[in-house]
Structures are given as C-alpha cells and as structure tokens.
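Colleague:
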Amino acid sequence: MTDEGTGADNPELIHVDKEFSRCLKCGYEDGFHVSFAAVKDQRAEVILICPRCGKRYGPGWRVTLV
Ligand SMILES: [Zn+2]
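When you line the sequence shown up against the numbering used here, it's residues 291 to 356, in that order.
#1: Is Lys345 near ligand 1, judged by its Cβ being under 8 Å from some heavy atom?
#2: At a cut-off of 8 Å, would you count Lys308 as near ligand 1, judging by its Cβ distance to the nearest heavy atom?
#3: Is the separation between the beta-carbon of Arg346 and that of Glu335 shorter than 9 Å?
#4: Whole angstroms is fine: what's the gap from Gly297's alpha carbon to Leu355's?
#5: With hydrogens ignored, establish whether the beta-carbon of Arg352 is closer than 8 Å to any heavy atom of ligand 1.
Set out below in structure tokens:
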C-alpha cells in the first residue's frame, strides 16, 4: 500500500513530548521542513513536513503572525 502524494491537506496529528525529529513513515532522522497553515486572526498552525517522503505532521502548535 502506498499513499505517496495523497492527504497533502491533512497532516497526521501527533503529540510531541520531548523531541520529534524522526519521520514515523520513512524513518528519516534529520528533522523536518516547516510550513504554516493560516487559521484566522493572524494565527497559524505549524505543519512539519518530512524532506524525504513528504509526510506531513500536525503537532498542534499555534503561532501568532506579527
Ligand atoms: Zn518521511
């Protein structure tokens, strides 16, 4: 089964305890690219993207755009 290229708009929600630097899908261990998905009122949600397989993760982090 492969889901490459699908689900791009729906990051897998994860809970980060200490550090999250290893992709759960492909095992890449050197961290992630970061994207920001606008929510509203200058707020955005952080999306982590694996640079190797493109898997997207949503750690639930919110940031304020200023
Ligand atoms: Zn990956």
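A virtual CB, placed ideally from N, CA and C, is assigned to each residue, including glycine.
Modeller: For this structure:
#1: Lys345: yes, Cβ under 8 Å from ligand 1.
#2: Outside the cutoff, so no.
#3: Going by C-beta atoms, Arg346 is not nearer than 9 Å to Glu335.
#4: Annotation note: pLDDT 48 at Gly297 (below 50); position unreliable, no value reported.
#5: No - ligand 1 has no heavy atom lying nearer than 8 Å to the Cβ of Arg352.
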